[in-house]
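Residue numbers for the sequence shown follow my numbering, beginning at 5 and rising by one.
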Amino acid sequence: MLFEVKLQDAYESCRRLTAEYSKTFYLASLLFPPEKRRAIWAIYAWCRRTDELVDGLGATADLGDLSRWEERLQKIFAGATEDAYDVALADAVQNFPLEPQPFMDMIEGMRMDLKQDRYETFEDLHTYCYRVAGTVGLMVCAVMGAAPEDPVVREQAIALGIAKQLTNILRDVGEDARRGRVYLPLEDLRKFDYSEADLFNCVNDERWAALMEYEIARTDEYYHQAQKGISALIADARWPVWASLIMYRKILDKVRQNGYQNFVQRAYVPRTEKLLLLPVAWAKAKT
């Protein structure tokens, strides 16, 4: 089936969705040249819709639905489309050397969300983070003009995706807990003598502060790892990637500034502050 829609309108749908649900990602995307910017919106829209199947408000998707979504993805890569978002992604596939595997890996991450709501070790969580976020880095590599098979670029792309997902986990602790989910590794909770009951009761004490600092430090390691590969990107990709990294990393500072009250207070970076970070990112991109 070929869904009839003007290509410009299809990309506009992706732009609006990106702007609504990820203000940081959207702001960074505006720093890319127009053709790359549109492709990144199409990729984000697909990722967002994939996530909404499992994690959206009132989501009822099961494993069968994800299998059908995977089949639909394969059709998009073959040029068959069912809605405007599909049209935009199919066009991006035509214009850039996108590979289907990272997209399929993300769907596998959604399957993990259906099957489990706890992660015993960080190694387990790392696998999940790669599938739901590290894959995004690989998706956009081809759009940025980087070769995902280049080990330096691949490592940087995955590290940045994992850093962002770990940041999301720390930012959304309270929201996830209210849905019965604990993404913090259980081995980490035990390390600081902090229980699931403490988490569900929003206990913010010295144990929680120490646990948060431990998690922030580990997340920072991934941001530092990601930085090492930015210089390997082509020139027009360095500024937006630096901007995305710096702005997202700032969320960790907000978690700390909020007194680790991420049970009830969602850490975010105000738009004005994000704009002030753009010259910082520009300077780093030029060094």
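Virtual Cβ for every residue (Gly too), placed ideally from N, Cα, C.
Treat the numbers as computed from the prediction; the structure is a model and nothing was measured.
Nearest in C-alpha terms to residue 174, of all of 165, 220, 203, is 220.
As computed with DSSP, residue 122 is found in a beta bridge with 186.
Between residue 43 and residue 96 the beta-carbon gap is near 4 Å, inside 8 Å, which marks them as a contact.
In the three-state scheme derived from DSSP, where H, G and I count as helix and E and B as strand, residue 223 is classed as helix. Runs of the alpha helix (DSSP H) lying entirely within the stretch 30-99 and spanning at least 4 residues, in chain order: 38-59, 67-81, 88-99. Around the beta-carbon of residue 138, 16 or more other beta-carbon atoms lie within 10 Å, marking it buried. With respect to the 7 Å criterion, residue 271 and residue 255 are classified as neighbours on the basis of their beta carbons.
By alpha-carbon distance to residue 229, the top candidate from 125, 157, 197, 198 is 157. For residue 259, the uninterrupted alpha helix (DSSP H) run begins and ends at 239-261, by DSSP. Selection 205, 237, 91 evaluated against residue 17 yields 91 as nearest (Cα-Cα). Taking 7 Å as the cut-off, the Cβ atoms of residue 146 and residue 102 count as close. Under the criterion of beta carbons closer than 8 Å, residue 212 and residue 264 qualify as touching, at roughly 6 Å. Distance from the CA atom of residue 164 to the CA atom of residue 226, rounded to whole angstroms, is 7 Å.
In the assembly as shown, residue 183 is an exposed residue. Its beta-carbon has fewer than 16 other beta-carbons within 10 Å.
Annotation: the continuous alpha helix (DSSP H) that includes residue 139 extends over 139-148. By the neighbour-count criterion, in which a residue is buried when 16 or more other Cβ atoms sit within 10 angstroms of its Cβ, residue 257 is exposed. In this structure, residue 244 places its C-beta atom within 7 Å of the C-beta atom of residue 35.
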